[in-house]
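Enquirer: Below are the structure tokens for one structure; questions will follow.
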Amino acid sequence: MAEKWTKDESDWRKAALEFTHKNPDHLPPFSQFCKTLTSLLADLRNELSEHENVISDNWSCSLIRKAAHKFYLEKTWSKDQFNDILHTLLVQKPTLKAFLLNVLLKDHNDKVAFDRWKNFVSADRIHMSKNFEKVDLCSKEECPEFLHLSRKVDVFVISNIHQFKVFEKQFSDYERKKTSRIIIGFDSEWNSFVMKSRASLLQLALSHSVYLLDLDSLHSQKELVDFIDRIFMSREIVKLGYHFSDDLVQLRARLHDCLGLYRPNSLYCVGKIVEELIRRSSGPTVHIQLDQFVLPVTEKEEEDMKEHTRKVKPTYFVKNPENFKNLNHNSSLSDKEASDEENATNPYEVEMSEVSTRSSRQSTKIFTPPQEPKSTKFSEQGLSYICRRVLGKPLNKQEQCSVWDRRPLRTSQIRYAALDAHCIVQIYHRCREWAEKIGVGGIEPFELVPSSYLHSPLPLFWDKPLPPDLFNEKASAEWTATGTNGGGWD
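What follows is the structure in structure tokens.
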């Protein structure tokens with residue numbers, strides 16, 4: 001009822017006088033009531049408004065300095081990545097242009113960039129010349145020290161409803177033909193610079209393909225919400241990830257009415273699977289060398305990986321190349337800040353590593369295998385570290401702190417996002433070989449560890465159908481199998 005009052009000022013005034021018993025002269029302005037009520041209801045529904053998906057005023061100047069530091073001094077950011085940040089800042093806060101120009105010219109003596117941004121006019125990337133660097137999704141030569149995608153893996157970017165319907169049909173066909181449980185690697189990407197972040201991209205990886213779902217374009221489509229609902233609530237579809245509690249928070253912020261994201265089933269962390277295999281490999285009846293599956297690293301390599309992660313990690317706010325295909329119907333900052341404004345305490349600002357550490361402390365059993373030193377507890381070392389120890393090479397995390405809601409995505413962003421999800425599938429395949437070697441090949445490796453229980457309270461104003469008994473496994477499973485739209489997946 002209160003929401004209806006925002007449509008008609010006379011109705012609101014009558015209700016206000018009736019329920020508040022205030023003098024008409026003491027009532028707040030109608031516009032203030034509408035703004036306050038809209039904000040309150042959005043919070044109760046777990047919805048984020050567009051004005052919250054922006055960089056905070058206190059953080060903006062600091063971000064310019066930190067981005068410049070990473071690009072000019074540390075050289076850990078690419079030119080395209082740096083320009084993406086500056087573009088986003090000037091679109092959101094045009095008054096920062098003078099401050100930016102001062103940083104470019106006085107701090108870093110970049111006259112070319114100064115001239116470019118001095119004449120900046122906001123435009124969507126799709127209307128601008130795409131002259132950013134070309135990147136091969138599978139190139140070993142570009143960054144030979146990092147993990148790469150196999151050329152046998154196809155990457156699809158799904159950014160409209162027509163592409164999504166093709167993908168959904170292909171996935172349904174794949175599911176019907178599959179005789180064993182489907183294994184999916186999943187991950188998500190979001191802007192780490194804004195006050196209240198939400199997922200912009202959801203990556204789903206199979207053995208030979210990766211699908212990047214553009215949530216910024218598709219989030220309002222019922223077909224997408226129903227699909228993700230079924231995938232995440234299904235007990236027969238195994239979802240593999242790494243420390244995915246943050247991913248679920250960001251996905252819920254984007255798809256606030258998707259029940260499967262509040263009540264997911266069959267979620268498994270690859271870090272825990274690797275830890276369990278290490279534990280079983282150290283038993284007295286197992287005769288294998290652990291370094292067959294957990295490759296040794298030198299102290300220097302370990303320090304280099306930590307340094308790479310430190311330099312490229314973002315600050316988190318509480319937060320057509322080869323084998324790239326567009327799906328269609330025909331396709332089967334470490335520097336100290338100078339100003340008081342930049343030093344202002346921001347209650348939303350936490351380092352990404354601190355968030356991950358808190359998540360892992362809450363969800364991981366303490367375990368130190370005999371052969372491994374204390375510092376290599378896998379569930380706390382990061383996905384890049386696991387890739388290095390299990391697959392032989394670490395991940396290149398440079399694009400982690402990209403602007404993920406600007407379109408089209410750069411090719412290097414597509415490569416990063418696709419590999420972030422597919423490396424989980426690669427690790428799992430290696431775990432299968434490992435399990436066979438130590439004599440537990442009769443079951444899937446994910447069955448060696450408990451499923452992660454990451455249920456979250458529903459928003460207070462939930463208006464979608466619920467299973468007959470949300471906490472009764474049998475009833476809930478039957479509801480999931482039939483689905484709210486009559487389609488059976490499990």
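For the sequence shown, position 364 matches number 364 in UniProt numbering, and the numbering has no gaps at all. Cβ coordinates follow ideal geometry from the N, Cα and C atoms, glycine included.
(1) To the nearest whole angstrom, what separates the beta carbons of residue 244 and residue 267, a pair I think is in contact under 8 Å?
(2) Tell me which same chain residues have a C-beta within less than 6 Å of the C-beta of residue 336, skipping the five on either side of it?
(3) Identify the continuous alpha helix (DSSP H) that holds residue 425 and give its terminal residues.
(4) Mapping the DSSP letters down to three states, classify residue 110 as helix, strand or coil.
(5) With 16 as the cutoff for other CB atoms within 10 Å, does residue 187 come out buried or exposed?
(6) Which residues bound the beta strand (DSSP E) around residue 509?
(7) Can you look up residue 156 in the DSSP assignment and give me helix, strand or coil?
(8) Based on DSSP bridge pairs, tell me the residues matched to residue 190.
(9) Give me the residue from 273, 98 and 138 with the minimum Cα distance to residue 119.
(10) Could you give the DSSP three-state label for residue 442: helix, strand or coil?
(11) Shorter than 7 Å, the distance from the beta carbon of residue 455 to the closest heavy atom of the ligand FMN, or not?
(12) Could you give the DSSP three-state label for residue 268: helix, strand or coil?
(13) Going by other Cβ atoms of all chains shown within 10 Å of its Cβ, with 16 needed for buried, is residue 410 buried or exposed?
(14) Just to confirm, is the Cβ distance from residue 147 to residue 391 under 8 Å?
(15) Between which two residues does the alpha helix (DSSP H) containing residue 10 stretch?
(16) What's the gap between the Cα of residue 9 and the Cα of residue 30?
(17) Residue 264 to residue 219, Cα distance in whole Å?
(18) Return no unless some Cβ of chain C is closer than 8 Å to the Cβ of residue 207.
(19) Below 8 Å on the Cβ atoms is my contact criterion, and I expect residue 191 with residue 403 to pass it. Report the Cβ-Cβ distance as a whole number of Å.
(20) Compute the distance between the beta-carbons of residue 183 and residue 175, then report whether it is under 8 Å.
(21) Taking all protein chains shown into account, do 16 or more other C-beta atoms lie within 10 angstroms of the C-beta of residue 88, making it buried, or fewer, making it exposed?
Expert: In short:
(1) To locate residue 244, count along the sequence shown from 1; it is residue 244. To locate residue 267, count along the sequence shown from 1; it is residue 267. Sure, about 7 Å apart at Cβ, within 8 Å.
(2) For the purposes of this step, residue 336 is identified with residue 336 of the sequence shown, where counting begins at 1. For residue 336, the predicted structure reports a pLDDT of 37, less than 50, and the residue's modelled location is therefore unreliable. The matter cannot be settled from this model.
(3) For the purposes of this step, residue 425 is taken as residue 425 along the sequence shown, with counting starting at 1. Here the alpha helix (DSSP H) through residue 425 covers 411-437.
(4) What you label residue 110 is simply residue 110 of the sequence shown in a count that begins at 1. Residue 110 falls in the coil class under three-state DSSP.
(5) Against the sequence shown, residue 187 aligns to sequence position 187. Looking at its Cβ environment, which holds 16 or more other Cβ atoms inside 10 Å, residue 187 is buried.
(6) Since the first residue shown for the chain is 1 and the last is 490, residue 509 is missing from the structure and cannot be characterised.
(7) Start at 1 with the first residue of the sequence shown, and residue 156 comes out as number 156. Strand, per DSSP.
(8) Taking the sequence shown and counting its residues from 1, one reaches residue 190 at position 190. Per DSSP, 199.
(9) Counting from 1 along the sequence shown, the entry for residue 119 is found at position 119. Residue 98 is the option with its Cα nearest to residue 119.
(10) As a position in the sequence shown, residue 442 is number 442, starting the count at 1. Reduced to three states, the DSSP call for residue 442 is coil.
(11) The ligand FMN is absent from the structure shown, which contains no ligands of any kind.
(12) Residue mapping note: residue 268 aligns to position 268 of the sequence shown, counting from 1. Strand, per DSSP.
(13) Translated into the one-based positions of the sequence shown, residue 410 becomes position 410. So residue 410 ends up on the buried side.
(14) The sequence position of residue 147 within the sequence shown is 147, counting from 1. The sequence position of residue 391 within the sequence shown is 391, counting from 1. In contact: residue 147 and residue 391 (Cβ atoms closer than 8 Å).
(15) Your numbering for residue 10 matches position 10 in the sequence shown. Taken as a continuous stretch (DSSP letters only), the alpha helix (DSSP H) holding residue 10 covers 9-20.
(16) The residue you call residue 9 lines up with position 9 of the sequence shown. The residue you call residue 30 lines up with position 30 of the sequence shown. Going by the C-alpha atoms only, they are around 7 Å apart.
(17) To locate residue 264, count along the sequence shown from 1; it is residue 264. To locate residue 219, count along the sequence shown from 1; it is residue 219. Near 18 Å, if we compare the C-alpha coordinates of residue 219 and residue 264.
(18) As a matter of chain content, chain C is missing from the structure shown, which is built from one protein chain.
(19) Taking the sequence shown and counting its residues from 1, one reaches residue 191 at position 191. Taking the sequence shown and counting its residues from 1, one reaches residue 403 at position 403. So it is a contact: roughly 6 Å between Cβ atoms.
(20) Against the sequence shown, residue 183 aligns to sequence position 183. Against the sequence shown, residue 175 aligns to sequence position 175. It is not a contact, given that the beta carbons lie outside the stated cut-off.
(21) Position 88 of the sequence shown, counted from the start, is the residue given in the question as residue 88. The residue in question, residue 88, is buried, as its Cβ has 16 or more Cβ neighbours within 10 Å.
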